[in-house]
Amino acid sequence: MLFRLLLVTGVSLGLLMAVHAAPPQQTSPLRDAVNPALQAKLEERLQRLNLESAVRSRQLAVSLVDITDPAKPRLAHVNGHDMMYAASLPKIAILLAAFERIHEGKLPLDTENRRLMTDMIRRSSNTAATEMIRRVGPEYINELLRSPKYRLYDANMNGGLWVGKEYGRGAAYQRDPLHNLSHGATAFQVARFYYMLETGRLVSPELSREMKGMLGDPGIRHKFVQGLLAGAPEARVYRKSGTWREWHADSAIVEHAGRTYIAVALARNPNGGEWFTNLIVELDRIIMGQPVRHAGL
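In terms of our numbering, the sequence shown opens at residue 837 and continues consecutively.
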C-alpha cells in the first residue's frame, strides 16, 4: 500500500509540477502523457522483481514510454523527477550541444568530430567527451539544457540533464544549482530527450537522425543491452549508459517487433547493473503485451 501511495503521489506531483512549469506554448512533450494502464503494469513488474524497497527508498528511478505511435506517447514512471548522479549518461547532452553548434555553423561535422562524438557515445570515451566539452564550450551546454527551447534542466521539474565537469580528474566547473551534482539526470528528462530525438525535435529532423545513428550499435554490451539482446537479438537499441561506483544509469530507444519505446533507469546501489539487466526484459514484455516472465531476482 505504501509503495502504491508513493508511486501515485510521485505521478501526481509530476503532473502538478508540469502544469506550472511553463506557459502552454512552451509545454514540453510527455508532461501530460502518463497512462494509468501502463503505470499499473510498471508498478506490478517492479514489485515482481523485488524492487519495491528500492523504489520506496528512492534508490531507483524508472521511466517507460511507448512511442509506437509517436503522436500519442504513453508514459509510466516511478521517481521520475528524482535527480541522481548519472555518470556517463549525460554525455547525450554534450552530443546535443555539439549538434547545435554544428547547426549554428560554429563546429564542422567533419571526420574528426564524428569520430569523437561516436566514441563518446558508443564506447563512452571520457577522453572524447572532455574534448567535445572543450570544443563546444562548457558553459554553453548547460545554458542550452536550461533554455526555453529544450528545458531539459528545469528547476520547476526538479532539474534534469546536467554536465558540470569534464570527464576526468579535476574540479567541477559548474555544479547543478539544485542538487550540487557534476553529472546528473532525471529519468523523466532523459525520456524527454529521447522522445524529442525520435520525433526530430532536437536541433532539426536531419540532425536528430544523425544523433540517433551515433546512439546505435552500442559498444558496451551490459545492463539494458545484455538483458534485452539475450532474449531478443533482433531488437534495435539506441543507447547511452553510465556507471561510477554504486551509481548506475541506462537509457535507450528500443525498436522491437514493430513497436518502439523509450526505457530509462537510474540507481544508486551496487546491484544496479544487475537490476537493469532484468528490468529491461520486463519493460520489453510490457510493451510487447506479454505476461511477466518470472517472479523476481
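Quick reminder that beta carbons are idealized off the backbone N, C-alpha and C, glycines included. Quantities reported herein were computed from a predicted structural model and do not represent experimental measurements.
Residue i, buried or exposed, once every other Cβ within 10 Å from all chains shown has been counted against 16
i: His1130; result: Low local confidence applies: a pLDDT of 46 at His1130 is under 50, so the model's placement there is unreliable, with the coordinate-based value given in what follows. Counting Cβ neighbours within 10 Å, His1130 comes out exposed, since fewer than 16 surround it.
i: Thr1079; result: buried
i: Asn886; result: exposed
i: Gln861; result: No answer about Gln861 holds up, because its pLDDT of 34 lies below 50 and its placement is not dependable.
i: Thr1022; result: buried
i: Gln1126; result: exposed
i: Gly1049; result: exposed
i: Ala1093; result: exposed
i: Arg970; result: exposed
i: Arg982; result: buried
i: Ile1034; result: According to the sequence as given, residue 1034 is Glu; it is not Ile. Buried, because 16 or more other Cβ atoms sit within 10 Å of the Cβ of Glu1034.
i: Asn992; result: exposed
Interface flag, residue i vs chain B, CB-CB below 9 Å
i: Glu1118; result: Absence of chain B from the displayed structure is noted, only one protein chain being present.
Bounding residues of the beta strand (DSSP E) (the contiguous stretch that carries residue i)
i: Ile957; result: It is not in any beta strand (DSSP E) - Ile957 instead sits in the alpha helix (DSSP H) that spans 947-958.
i: Glu1091; result: 1083-1092
i: His913; result: 910-914
i: Tyr1074; result: 1072-1080
Cβ-based neighbour list, residue i, same chain, cut-off 6 Å, excluding 5 preceding and 5 following
i: Ala912; result: Leu874, Gln875, Leu878, Leu900
i: Tyr1003; result: Asn962, Ala965, Thr966
i: Val1100; result: Ser899, Ala1023, Val1026, Ala1027, Ser1087
i: Ala854; result: A caution first: Ala854 carries a pLDDT of 36, below 50, which makes its placement in the model unreliable, though a value can still be read off. Excluding residues within five positions, the ones whose Cβ falls inside 6 Å are Arg867.
Own chain residues within Cβ distance below 7 Å of residue i, not counting five before or after
i: Leu1051; result: Ile957, Tyr1074, Arg1075, Lys1076
i: Tyr1009; result: Pro974, Gly1000, Lys1001
i: Ile1123; result: Asp902, Arg1095, Tyr1097
i: His939; result: Val1039, Ser1040, Leu1043
i: Arg1011; result: Gly1000, Leu1017, Ser1018
Beta-carbon contacts of residue i that lie in its chain and below 8 Å, excluding the five residues immediately before and after
i: Leu866; result: Val901, Pro909, Leu911, Phe1024, Ala1027, Arg1028, Tyr1031
i: Pro859; result: With a pLDDT of only 33 at Pro859, under the threshold of 50, the placement of this residue in the model should not be trusted; the figure read from the coordinates follows. So the list is empty, once near-sequence residues are dropped.
i: Arg1057; result: Leu1065
Residue from the options whose Cα sits closest to the Cα of residue i
i: Leu1102; options: Ala922, Arg971, Gly1000, Leu1017; result: Ala922
i: Trp1111; options: Leu945, Gly1006, His939, Ser889; result: Ser889
i: Gly1055; options: Ala934, Ile977, Gly1109, Ser960; result: Ser960
i: Arg951; options: Pro1106, Glu1046, Asp1012; result: Glu1046
i: Asp868; options: Ala907, Arg884, Ser893, Arg892; result: Ala907
i: Ser924; options: Val1117, Met968, Asp1086, Val898; result: Asp1086
i: Arg1005; options: Trp998, Thr966, Leu988; result: Thr966
i: Arg987; options: Arg1037, Pro1069, Gly941, Leu945; result: Arg1037
i: Leu932; options: Glu948, Asp1053, Thr954; result: Thr954
i: Glu1070; options: Arg881, Glu1082, Asp1053, Trp1083; result: Asp1053
i: Asp905; options: Leu1115, Glu1091, Pro1106, Met993; result: Glu1091
i: Arg937; options: Asn1107, Pro872, Val870, Tyr976; result: Tyr976
Segment limits, alpha helix (DSSP H) that includes residue i
i: Glu1042; result: 1041-1051
i: Glu880; result: 872-884
i: Tyr976; result: 974-982
i: His939; result: 927-940
Is the region 902-917 touching the region 1061-1068 in the sense that three or more CB pairs, one from each, lie closer than 8 Å? no
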